[in-house]
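>
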Amino acid sequence: MEPSTQYYAPHSHSHQWSQNTSQYQTIRPPVFTVGTPTPSGSESTTKSRTFSHKLSVDKKLNIDAHWTLLEFLYFAFRVKGTKGKKISWSSRQATMVSQFLRGQTKYKVADILAAWTQSPDGRPQSSKDGENMYSASTLFLDIKPARPAITSFAVQLIEKKLTQERNIAVRPSNSRRWHQPLTWHYLLKLTTPKPRKRNGVIVVRKYRPPEVVCTHLLSSINFCYTDNACRLPKIQGILNFVCGVQWTMFSINSWIATTPVYSTIYSTLEGLSNHQVRATIAMCRDPDLWPILRFDNVQSYSKRRDLRMGKVNQLRVGTAVTVAEAEDFEPSAVDIDDRIARIAENKWKDITINKLLALVDQPHAELVAALQWLRILVHYVPEFSKYKPMTKIHPLSTNAKNETKTTELKGALLDFFEQMVGGDGLTYEKLVQLQKYMQFHGDEFQSLALIPLLELWHLEWTDLSRIYETHWGEYFSADEPGTLRNSAAEIGRKEPAKLNKVDYYPYMQLAYLVLDARMLDCWRIDFGADDLFAHFRAMATSGNLPTLKELESRAKKLNRQYSSPQASTWIHPGMEKNSQNIVLVSDPTKSSRGKGKKKVASTSGPEEPFCGDRTLGKSAMFMHETIQSREAAYSVSEGAIGRTYECVKLMTFTFAGSTHTKYSAYSLEQICSLEWESSEALKDAQLLNWLVNPKGLPGKFLEGDLNKEHFNSELDESRNHNDADWDRNLMRNDMGHFMRLKKEWVQGLGLAKRSRKHTEPHTKPEIRKLLNKYKDKELHLFREGR
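Heads up: the sequence shown at position 253 corresponds to 253 in full-length UniProt numbering, and the numbers run straight through without jumps.
(1) If you draw a straight line from the alpha carbon of residue 321 to that of residue 292, how long is it in whole angstroms?
(2) What does DSSP give as the partner residues of residue 299 in its beta bridges?
(3) Excluding sequence positions up to five away, which residues of its chain have a Cβ less than 8 Å from the Cβ of residue 566?
(4) Output needed for residue 134: all residues of its chain with C-beta closer than 7 Å, excluding positions within five of it in sequence on either side, in chain order.
(5) Bridge partners of residue 198, per DSSP?
(6) Per DSSP, residue 671 is paired with what?
(7) Does DSSP classify residue 703 as helix, strand or coil?
(8) To the nearest angstrom, how far is the alpha carbon of residue 24 from that of residue 204?
(9) Could you tell me which of 190, 92, 231, 653 sits nearest to residue 358, measuring between CA atoms?
(10) Provide the residue span of the alpha helix (DSSP H) that contains residue 115, from first to last.
(11) Evaluate the contact criterion for the stretch 764-774 versus the stretch 516-533: three or more CB pairs, one atom per stretch, below 8 Å.
(12) If residue 482 and residue 618 are in contact, beta carbons under 8 Å, what's the gap, nearest whole angstrom?
(13) In this structure, does DSSP put residue 323 in helix, strand or coil?
(14) Drop a sphere of 10 angstroms on the beta-carbon of residue 459, count the other beta-carbons inside from all chains shown, and report buried for 16 or more, exposed for fewer.
(15) Evaluate residue 137 with the Cβ neighbour count: other Cβ atoms within 10 Å of its Cβ, from every protein chain shown; 16 or more gives buried, anything less gives exposed.
(16) Under the rule that 16 or more other beta-carbon atoms within 10 Å means buried, what is residue 538, buried or exposed?
(17) If you reduce the DSSP assignment to three classes, tell me which class residue 292 lands in.
(18) Mind checking which residues open and close the alpha helix (DSSP H) that includes residue 553?
(19) Based on DSSP bridge pairs, tell me the residues matched to residue 692.
(20) Assuming the contact rule is C-beta atoms closer than 8 Å, residue 223 and residue 233 should be a hit. Round their C-beta distance to whole Å, please.
(21) Express the C-alpha separation of residue 193 and residue 112 in angstroms, rounding to a whole number.
(22) Could you give the distance in angstroms between the alpha-carbon of residue 280 and the alpha-carbon of residue 553?
(23) Roughly how many angstroms lie between the CA atoms of residue 114 and residue 101, to the nearest whole one?
(24) According to the Cβ coordinates, are residue 672 and residue 351 closer than 8 Å?
(25) What is the C-beta distance between residue 613 and residue 455, in whole angstroms, given that I count them as a contact (C-beta under 8 Å)?
(26) Excluding the five sequence neighbours on either side, which residues of its own chain have a C-beta within less than 6 Å of the C-beta of residue 729, listed in chain order?
(27) Rounding to the nearest angstrom, what Cα-Cα distance links residue 5 and residue 69 in this structure?
(28) According to DSSP, simplified to helix, strand and coil, what is residue 494?
(29) Which residues in the same chain have their Cβ closer than 7 Å to the Cβ of residue 290, if we skip the five residues on either side of it in sequence?
(30) What are the boundary residues of the alpha helix (DSSP H) that includes residue 506?
(31) Tell me the DSSP secondary structure of residue 781 in three-state form.
(32) Does the contact criterion of 3 or more C-beta pairs under 8 Å hold for the stretch 463-483 versus the stretch 520-531?
(33) On the DSSP letters alone, give me the boundaries of the alpha helix (DSSP H) that residue 71 sits inside.
(34) Kindly indicate which three-state DSSP category residue 206 falls into: helix, strand or coil?
(35) Residue 161 and residue 188: beta carbons closer than 8 Å?
(36) Thinking just about the alpha-carbon of each residue, which of 262, 298, 235, 364 is nearest to the one in residue 246?
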């Protein structure tokens, strides 16, 4: 059998394996020899001899007739000799063994293993042998019964393979190519329940998807073994940081290898923040890119638990900035010399009201107003349903400067420039003021050669507050149907806490709801119907619905009659307005002494009675101004900056007649800067970059300052303490990544099937109630002397 000259007594030796070497040691002689009959006695002696004959020297291997089956199998498949040298087989012997091990024979290795595990003779003979079934602690070479030995061999072999997969996966060179197929298979098998069928259809697992669970299990296993496998745990730790998880949870999660410790997450964020700073500086220094800075003040109230001298409640103020990359601009737009030359021409001195009015595209304003009339009808009347029709942002670090103070604003600007401008009304005013202070300094940096940009959301918010301040009505006019107060009370809405600064979203919805109801009431009058919705249902049943062209013509007529500046006069359209009928009287709320008196226009003859309709006129003016407000909101979301700019022009005049005169000055400054101090290329560049679209999707445009407010909300949530200063050690450069991380994590786990957009509930009950009110009060019918 063995080609070497050294032989061993067949019945006095067996073998035993160890982890280090293979040795052939003395064991008890085996029970069965090759020629011995089977224990059952079912085989005849002749058949046993025939079987023995098949194992003879001239047929298979050179086998000594006195060898046991154990010794035969051992010598037949042994690879190395007693001294560790490789055994040389004859070609015939090598071919036979090779064919068997390769599965090229009739009976394969799997058949032998199956027979061994199924044989009752291989069962555990004692409780100790039973404990060794699938044993990972006892070496399989030390287990004698077949079943425990084979099962333990399989367990230990798989253990070795799983360990090998893990060691390869956690190598630094393989950090992006984790592949542990066997580990993944067993984890997936353990976490996947048996599929169930309902009505013949396999039910898909909705909660705790096994693939996601196994990914996190495998990540925790590798991270527990070595800190190098920390990619997914770090991301999960950053997510916990963004969501404001308490420090205690960081300690618990790091202990169970779900996330690293808090200090590791913090240092990782500092590194990411520094990387973001370097990328932003490179962007700002690139001559082919044009950064647009948008900054706003951030505040937090620090409340001390124990008040002492030097430890008092304090309002902490800071400044936060985002930088957006300008798009679609000509290189000539950033020509500073051209802008300085245009400013030096001082065309402001020739500006008149007529010139400003000439800038307003009146036909466009009438068209978009008429389209709103049409849009409301199509939206609320089901029968007309057939007619329905990403900006790169870099957040910068915060600082503890107060932007409302000119001196601190300069420090904030220089601080942000050191890391490498638009804002709300007050910020815009301070920017313009600061430029005037610094205009005589030498270079462009010292003189702050910026282009201030008035942001739009605060402008729209102030305009909405102006509408409420103008049209809400006094307390004693609560019964007048033309006031917002009366309409709000009818549908159970409360009065704003501050009329000059209302909450934007709830009171925007209220104003637009009242506008819709009044428009529908005017449509009802135009069609001569008692119930507008019943009227159109009857027309749809008879097939006499008006065409879109006819509706558009009616919408233009209704706009001229009810929502144009001419419609807001208090005189009946059929009567001529006579200026002599307006008489100035003394103000009864003021003293009758000297300067409290007003001049009274002299008239010849007795005073004529008032023949107009003030209530109808107020309602018309409310509709006109609210249509412009909603047009600004529509145009912003659609990215139609030309339409938005037309609304800004009109707001300049409406602000001038309100208590918000500062915004009239802001918008006038912005219009003059665009029209007379900027080249065409610079004007187009500013208009095209006035809005942002972080998602890069149609209908998802935002005002730059509103987007900044979203960043401020995340900024406030991620602060360590309320009493911490707005300093840059809080990694504010990562805010954009923080916001995306939340959304991407939720989407990656399959939890974002439902849109995050709030579904607006219908307002049919409110519309019905307001329509009945307006019909009963004949709000949109002319009533002389009202």
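A virtual CB, placed ideally from N, CA and C, is assigned to each residue, including glycine.
A quick look at the data gives this:
(1) Your numbering for residue 321 matches position 321 in the sequence shown. Your numbering for residue 292 matches position 292 in the sequence shown. Using only the alpha carbons, I get a separation of about 10 Å.
(2) Along the sequence shown, one-based indexing puts residue 299 at 299. Per DSSP, the beta bridge partners of residue 299 are 317.
(3) Numbered from its first residue, the sequence shown carries residue 566 at position 566. Counting only Cβ-Cβ distances below 8 Å, and skipping sequence neighbours, we find 560.
(4) Position 134 of the sequence shown, counted from the start, is the residue given in the question as residue 134. Counting only Cβ-Cβ distances below 7 Å, and skipping sequence neighbours, we find 151, 152, 155.
(5) Counting from 1 along the sequence shown, the entry for residue 198 is found at position 198. 201, per the DSSP bridge assignment.
(6) For this step, residue 671 is matched to residue 671 along the sequence shown. Among the bridge pairs identified by DSSP, residue 671 is matched with none.
(7) Here residue 703 corresponds to residue number 703 of the sequence shown, with the count starting at 1. Reduced to three states, the DSSP call for residue 703 is strand.
(8) Here residue 24 corresponds to residue number 24 of the sequence shown, with the count starting at 1. Here residue 204 corresponds to residue number 204 of the sequence shown, with the count starting at 1. Reliability fails at residue 24, whose pLDDT of 33 lies under 50, so the model's placement of it is uncertain and no value is given.
(9) For the purposes of this step, residue 358 is taken as the residue at position 358 of the sequence shown. It is 653 whose Cα lies nearest to the Cα of residue 358.
(10) As a first step, residue 115 is located in the sequence shown; it is residue number 115 there, counting from the start. Where residue 115 is concerned, the enclosing alpha helix (DSSP H) stretches over 109-118.
(11) Three or more Cβ pairs closer than 8 Å define a contact, and the stretch 764-774 meets that threshold against the stretch 516-533.
(12) Counting from 1 along the sequence shown, the entry for residue 482 is found at position 482. Counting from 1 along the sequence shown, the entry for residue 618 is found at position 618. Right, the Cβ-Cβ distance comes to about 4 Å (below 8 Å), so this counts as a contact.
(13) Here residue 323 is taken as the residue at index 323 of the sequence shown, counted from 1. Residue 323 falls in the strand class under three-state DSSP.
(14) Translated into the one-based positions of the sequence shown, residue 459 becomes position 459. Looking at its Cβ environment, which holds 16 or more other Cβ atoms inside 10 Å, residue 459 is buried.
(15) On the sequence shown, residue 137 is found 137 positions in, with the first residue counted as 1. Residue 137 comes out exposed.
(16) Within the sequence shown, numbered from 1, the residue matching residue 538 stands at position 538. Residue 538 should be labelled exposed.
(17) On the sequence shown, residue 292 is found 292 positions in, with the first residue counted as 1. DSSP, read as helix, strand or coil, puts residue 292 in strand.
(18) Your numbering for residue 553 matches position 553 in the sequence shown. Residues 548-562.
(19) Working through the sequence shown from its first residue, we reach residue 692 at position 692. Residue 692 is bridged to 702.
(20) Locating residue 223 in the sequence shown gives position 223, where the first residue counts as 1. Locating residue 233 in the sequence shown gives position 233, where the first residue counts as 1. Taking C-beta atoms under 8 Å as the contact rule, residue 223 and residue 233 qualify, at a distance of about 5 Å.
(21) Counting from one through the sequence shown, the residue named residue 112 turns up at place 112. Counting from one through the sequence shown, the residue named residue 193 turns up at place 193. Approximately 33 Å, taken between the alpha carbons.
(22) Position 280 of the sequence shown holds residue 280. Position 553 of the sequence shown holds residue 553. Cα-Cα distance, rounded: 52 Å.
(23) Within the sequence shown, residue 114 is the residue found at index 114, counting from 1. Within the sequence shown, residue 101 is the residue found at index 101, counting from 1. In a straight line, the C-alpha of residue 114 is about 15 Å away from that of residue 101.
(24) As a first step, residue 672 is located in the sequence shown; it is residue number 672 there, counting from the start. As a first step, residue 351 is located in the sequence shown; it is residue number 351 there, counting from the start. Contact flag set, yes.
(25) Indexing the sequence shown from 1 puts residue 613 at position 613. Indexing the sequence shown from 1 puts residue 455 at position 455. Not a contact, Cβ separation roughly 39 Å.
(26) Within the sequence shown, residue 729 is the residue found at index 729, counting from 1. With a pLDDT of 48 at residue 729, under the threshold of 50, the predicted position of this residue should be treated as unreliable, and no value is reported.
(27) Here residue 5 refers to the residue found at position 5 of the sequence shown. Here residue 69 refers to the residue found at position 69 of the sequence shown. The predicted model places residue 5 with a pLDDT of 36, which falls under 50 and marks its position as unreliable, so this point remains unresolved.
(28) By one-based count along the sequence shown, residue 494 stands at place 494. If DSSP states are grouped into helix, strand and coil, residue 494 belongs with coil.
(29) For the purposes of this step, residue 290 is identified with residue 290 of the sequence shown, where counting begins at 1. Scanning its chain for C-beta atoms nearer than 7 Å, with the 5 sequence neighbours on each side dropped, one finds around residue 290 the residues 326, 329, 334, in chain order.
(30) Looking up residue 506 in the sequence shown gives position 506. Residue 506 -> alpha helix (DSSP H) spans 504-527.
(31) Walking along the sequence shown from the start, residue 781 turns up at place 781. DSSP places residue 781 in coil when its eight states are reduced to three.
(32) Contact between the stretch 463-483 and the stretch 520-531 is absent, because fewer than three Cβ pairs lie under 8 Å.
(33) In the sequence shown, the residue the question calls residue 71 occupies position 71. Residues 69-77.
(34) Position 206 of the sequence shown, counted from the first residue, corresponds to residue 206. Reduced to three states, the DSSP call for residue 206 is coil.
(35) Within the sequence shown, numbered from 1, the residue matching residue 161 stands at position 161. Within the sequence shown, numbered from 1, the residue matching residue 188 stands at position 188. Against a cut-off of 8 Å, the Cβ pair of residue 188 and residue 161 comes out as no contact.
(36) By one-based count along the sequence shown, residue 246 stands at place 246. The shortest Cα separation from residue 246 among 262, 298, 235, 364 belongs to 262.
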